[in-house]
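Presented below is the structure to which this report refers.
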Amino acid sequence: MPSANQSGAISMSSLDFKDGLAKSSVTFTDSGEATITLKDSEFDCDSFDELKDPDTKECQIDGGILTGEFSVKSRPWKFSVCPQNTEGEYVSANGNSKGGNAFVPAGQSFSVRVAPLKYNSPECVEQEEITQNYFYRRHLLSCHILSILQVMAN
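Each step along the sequence shown adds one to the number in full-length UniProt numbering, with nothing skipped, and position 112 is 112.
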């Protein structure tokens, strides 16, 4: 079973080796970089002479457990951008010229909440699934800055 050095669930499909290679899919439910470690305590060194000590012919795998690791870099699936409505709730800005929730008219101040989402999470609702690793400063993949430029015409 894989293990990772981050929060967030991680899963991996089974590994069926053929000629020393295996394909698998990995699912990491958060964002950031995770190191995944695989261990095989049933590894048999007998068919791998290059792994044996030339003098003693004993397996040189530490503790007899074959270990390998790799890194996965994952970004949020998408960001929810939720403006605050007149009742103070954050809503999805899915409106159009005929109705629905929208951002405020140009030139007016507004509040907006931006959140990094896990895959298939609903947006701008209480059930949003936010990628917690995204907020760890040492693991931040990138920095997002929102700048507002106000131009005043005479």
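We put the beta carbon where it would ideally sit given N, CA and C, even for glycine.
Taking all protein chains shown into account, decide if residue i is buried (16 or more other Cβ within 10 angstroms of its Cβ) or exposed.
i	result
residue 10	buried
residue 134	buried
residue 83	buried
residue 76	buried
residue 3	Here the model assigns residue 3 a pLDDT of 44, short of 50, so the residue's position is not dependable, and the following value carries that caveat. Label assigned to residue 3: exposed.
Among the residues of its own chain, which have a CB less than 6 angstroms from the CB of residue i, if the five just before and after it don't count?
i	result
residue 15	22 and 24
Ignore the nearest five residues each way along the sequence and tell me which others in residue i's own chain have a CB closer than 8 angstroms to its CB.
i	result
residue 79	114, 115, 116 and 117
Determine the DSSP secondary structure at residue i, reduced to helix, strand or coil.
i	result
residue 156	Outside the displayed range of the chain (1 to 154) lies residue 156, so it cannot be described from this structure.
residue 63	helix
residue 15	coil
residue 84	strand
residue 71	strand
residue 134	helix
residue 50	helix
Since residue i contacts residue j with CB under 8 angstroms, what's their CB separation in whole angstroms?
i	j	result
residue 71	residue 27	Contact doesn't hold; Cβ gap of about 15 angstroms is too wide.
residue 91	residue 112	In fact, because the Cβ distance is near 11 angstroms, the residues do not count as touching under 8 angstroms.
residue 33	residue 98	The pair is not a contact, with the Cβ atoms about 45 angstroms apart (cut-off 8 angstroms).
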